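Down below is the structure, laid out as structure tokens.
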Amino acid sequence: MNILQELKYSKDHEWVKIEGNRATVGITDFAQSQLGDVVFVEVPSVNAAVKSGAGFSVVESVKAVSDIYAPLSGTVVEVNEGLTDAPETVNSDPYGEGWIAVIEISDASEVAQLMDADAYAAFIQAGGE
Amino acid sequence: MTTGKKTPLYDTHNKYGGKIVEFGGWQLPVQYAGIIEEHHAVRRQAGLFDVSHMGEVSVKGPQALAYLQRLVTNDVSKLADHQVQYTPMCYLNGGTVDDLLIYRYAQDDYLLVINAANIDKDWTWMRENSVGFDVALTNLSDQTAELALQGPNAETILRLLTDAPLDKLGYYWFYPKVIVAGKEVMLSRTGYTGEDGFEIYCRPADAAPLWEALMAAGREHGLQPTGLGCRDTLRFEAALPLYGHELSAEITPLEAGLPRFVNLEKGDFNGRAVLAQQKADGVKRKVVGFVLNERGIARAEYPVVKDGRRIGSVTTGSYAPTLEKNIGLALVEAEHGKIGENFAVEIRGKAVAATVIGKPFYKREGK
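Chains as they are written, first to last, in this note's numbering: chain A, 34 to 162; chain B, 22 to 388.
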């Protein structure tokens with residue numbers, strides 16, 4: 034299971050890459066492997082206000098619909114339109130081309146609640162729930 | 022944590038990397054390499070399924086045929102020895118108890134293959150209905166394992182393991198006793214994927230050795246272990262009904278679009294009065310196929326709406342890997358079910374445009 038050291042992680046299996054007050058968000062390698070073949074991604078709208086812990090995107094695999102939760106509160110400033118035509122990128126490159134959206138962070142204190150890579154690895158080891 | 026019964030192939034599934042889920046009271050693999058890859062393997066080469074969870078009931082006795090004629094909607098008298106028939110089994114009100122396969126060994130000897138989740142319910146229903154008939158019913162579900170070898174290369178692979186004349190085994194016929202990989206099995210040219218293929222009924226202890234022999238023989242012919250996930254997408258593309266979705270106690274076989282398997286001429290049977298009325302009047306609801314015209318995936322139970330009014334529900338919806346389209350089956354008011362008709366499927370509160378298309382969505386070429 035690939036877990037990148039430089040990223041932060043949520044208990045809902047999203048990864049977060051923080052750059053200044055912007056956070057790029059996707060789902061982890063663990064999450065995509067659990068979902069199986071991704072066939073549709075409903076990305077959020079640009080300018081949408083999102084709240085930490087609330088659903089902001091939907092990823093559908095062949096078998097199931099999964100809500101993706103915003104790991105941080107803020108405003109969506111960019112979305113990955115490429116997923117519209119190539120949703121399977123979430124499976125093949127979850128930390129790269131499979132990113133879902135960029136959030137402009139409104140409450141920097143929430144960042145401290147995310148896990149680092151080691152804590153996330155332990156979280157998955159313990160069952161990931 | 023998964024719960025449920027294990028088939029004799031449980032350890033084999035783990036060995037082959039199967040991802041185990043609970044299904045119909047059983048622990049079964051939903052996928053190995055991935056649903057889409059396995060789906061394509063069955064359409065293009067071959068796949069091997071564990072279907073040991075299916076139930077088997079033996080019906081024997083001088084009145085076996087008379088009993089079955091009363092029990093199911095199809096005309097069982099049309100079966101020859103060693104032929105197989107698909108049929109719904111109905112309640113008195115026309116709702117469906119289950120859909121099953123009937124294997125005829127002889128006029129007084131049949132094997133019924135029923136859905137795993139329905140075994141207890143079917144068994145009770147079959148026994149209640151046997152009162153007054155000179156028949157003996159035996160539930161063989163725990164003594165029978167079953168493998169399904171499906172796909173265009175199925176015959177080529179199986180030929181490596183048996184001397185049985187497979188080219189002479191027609192679609193929906195079976196050999197009651199043949200040797201495959203050194204094991205005595207019952208072998209039928211049946212399946213539920215829309216492809217050519219075989220179902221192999223064997224003793225539980227023989228299931229794992231048979232699996233290994235088939236996988237070894239199939240290596241050069243693209244055989245892959247395949248799970249419940251692609252079994253569903255395959256049967257869905259072929260528009261084969263799944264109990265609990267297109268068929269249920271609330272849905273009659275005529276509403277499900279299965280008139281070919283309801284024979285009103287054969288004499289009385291459970292549900293006949295209601296089904297005859299539906300046939301005379303036309304059904305008020307029916308299962309139709311549709312394609313989504315906008316992005317999104319319809320899922321079972323999503324509302325189908327037209328002009329702001331709910332006209333039905335999705336029964337199965339998915340991405341169809343062979344067609345590369347998002348399609349579905351839905352039970353809708355019959356007047357909105359004509360091919361070319363437009364309606365919408367509500368996906369997370371948003372109406373997504375859909376058009377009724379013909380079924381099956383996928384049909385293999387050739388035999």
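Note that the Cβ used here is the ideal one computed from N, Cα and C, for glycine as well. Small disclaimer: the values here were computed from a predicted structure and weren't measured.
Any chain B beta carbon closer than 7 Å to residue i
| i | result |
| --- | --- |
| residue 84 of chain A | no |
| residue 162 of chain A | no |
| residue 95 of chain A | yes |
| residue 126 of chain A | no |
| residue 73 of chain A | yes |
| residue 69 of chain A | yes |
Neighbour flag for residue i against chain A, beta carbons, 7 Å
| i | result |
| --- | --- |
| residue 323 of chain B | no |
| residue 2 of chain B | Beyond the ends of chain B as shown, which are 22 and 388, falls residue 2 of chain B; an answer cannot be given. |
| residue 243 of chain B | no |
| residue 388 of chain B | Residue placement at residue 388 of chain B is poorly supported in this model, since its pLDDT is 49, which falls under 50; the coordinates still yield a value, given next. Output row for residue 388 of chain B: interface = no. |
| residue 140 of chain B | no |
| residue 378 of chain B | no |
| residue 373 of chain B | no |
| residue 55 of chain B | yes |
| residue 200 of chain B | no |
| residue 250 of chain B | yes |
| residue 348 of chain B | no |
| residue 123 of chain B | no |
| residue 318 of chain B | yes |
Residue i, buried or exposed, once every other Cβ within 10 Å from all chains shown has been counted against 16
| i | result |
| --- | --- |
| residue 149 of chain B | exposed |
| residue 101 of chain B | exposed |
| residue 152 of chain B | exposed |
| residue 281 of chain B | exposed |
| residue 340 of chain B | buried |
| residue 78 of chain A | exposed |
| residue 73 of chain B | buried |
| residue 34 of chain A | exposed |
| residue 307 of chain B | buried |
| residue 298 of chain B | exposed |
| residue 54 of chain A | exposed |
| residue 352 of chain B | buried |
| residue 227 of chain B | buried |
| residue 388 of chain B | The predicted position of residue 388 of chain B is uncertain, since its pLDDT is 49 and thus under 50; a value taken from the coordinates is nonetheless stated next. That one is exposed. |
| residue 159 of chain B | exposed |
| residue 343 of chain B | buried |
| residue 142 of chain A | exposed |
| residue 360 of chain B | exposed |
| residue 140 of chain A | exposed |
| residue 52 of chain A | exposed |
| residue 36 of chain A | buried |
| residue 301 of chain B | exposed |
| residue 113 of chain A | buried |
| residue 145 of chain A | exposed |
| residue 125 of chain A | exposed |
| residue 129 of chain A | exposed |
| residue 186 of chain B | exposed |
Continuous alpha helix (DSSP H) stretch holding residue i: start and end
| i | result |
| --- | --- |
| residue 149 of chain B | 140 to 150 |
| residue 157 of chain A | 150 to 158 |
| residue 115 of chain A | 115 to 118 |
| residue 270 of chain B | No alpha helix (DSSP H) holds residue 270 of chain B; DSSP gives it neither H nor E. |
| residue 207 of chain B | Segment 204 to 209 is the beta strand (DSSP E) holding residue 207 of chain B; no alpha helix (DSSP H) there. |
| residue 147 of chain A | Where residue 147 of chain A is concerned, there is no enclosing alpha helix (DSSP H), given that its DSSP letter is neither H nor E. |
| residue 133 of chain A | Element bounds for residue 133 of chain A: n/a, residue is neither H nor E. |
| residue 222 of chain B | No alpha helix (DSSP H) contains residue 222 of chain B, which is instead part of the beta strand (DSSP E) from 218 to 223. |
Unbroken beta strand (DSSP E) run spanning residue i, endpoints
| i | result |
| --- | --- |
| residue 131 of chain B | 130 to 135 |
| residue 381 of chain B | Note, residue 381 of chain B: premise wrong, no beta strand (DSSP E); not H, not E. |
| residue 200 of chain B | 195 to 201 |
| residue 66 of chain B | Taken as a continuous stretch (DSSP letters only), residue 66 of chain B belongs to no beta strand (DSSP E), as it is neither H nor E. |
| residue 99 of chain A | 98 to 102 |
| residue 73 of chain B | Per DSSP, residue 73 of chain B belongs to no beta strand (DSSP E) and is neither H nor E. |
Any chance the region 56 to 66 of chain B sits against the region 235 to 251 of chain B, with 3 or more Cβ pairs inside 8 Å? yes
Any chance you could list the beta strand (DSSP E) runs of at least 3 consecutive residues sitting entirely within the region 38 to 92 of chain A, in chain order? If we require 3 residues or more, the beta strand (DSSP E) runs fully inside the region 38 to 92 of chain A come out as 47 to 52, 55 to 60 and 71 to 75.
Are the region 190 to 199 of chain B and the region 207 to 218 of chain B touching by the rule of at least three beta carbon pairs closer than 8 Å? yes
What ranges does the beta strand (DSSP E) occupy inside the region 82 to 135 of chain B, keeping only unbroken runs of at least 3 residues that lie completely in it? Counting only runs that start and end inside the region 82 to 135 of chain B, the beta strand (DSSP E) elements of at least 3 residues fall at 105 to 111, 117 to 127 and 130 to 135.
Within the chosen definition, does the region 69 to 76 of chain A reach the region 84 to 103 of chain A through at least 3 CB pairs nearer than 8 Å? yes
If contact is defined by three or more beta carbon pairs under 8 Å, each pair taking one atom from either stretch, is the region 81 to 92 of chain B in contact with the region 95 to 108 of chain A? no
Does the count of Cβ pairs from the region 321 to 336 of chain B and the region 362 to 369 of chain B closer than 8 Å reach three? Pairwise C-beta distances place the region 321 to 336 of chain B in contact with the region 362 to 369 of chain B, as three or more of them are shorter than 8 Å.
Under 8 Å, with one C-beta from each stretch per pair, do the region 279 to 295 of chain B and the region 110 to 118 of chain B reach the 3-pair mark? They touch, by the three-pair rule.
Beta strand (DSSP E) segments (min. 3 residues) lying fully within the region 295 to 326 of chain B: 306 to 313
Would you check if the region 40 to 58 of chain B and the region 85 to 99 of chain B touch, i.e. whether three or more CB-CB distances between them fall below 8 Å? no
How about the region 262 to 278 of chain B and the region 307 to 324 of chain B: do they share at least three Cβ pairs that are nearer than 8 Å? yes
Complete runs of the beta strand (DSSP E) confined to the region 236 to 281 of chain B [at least 3 residues]: 244 to 246
On the three-pair Cβ rule with 8 Å, is the region 115 to 132 of chain B touching the region 24 to 39 of chain B? no
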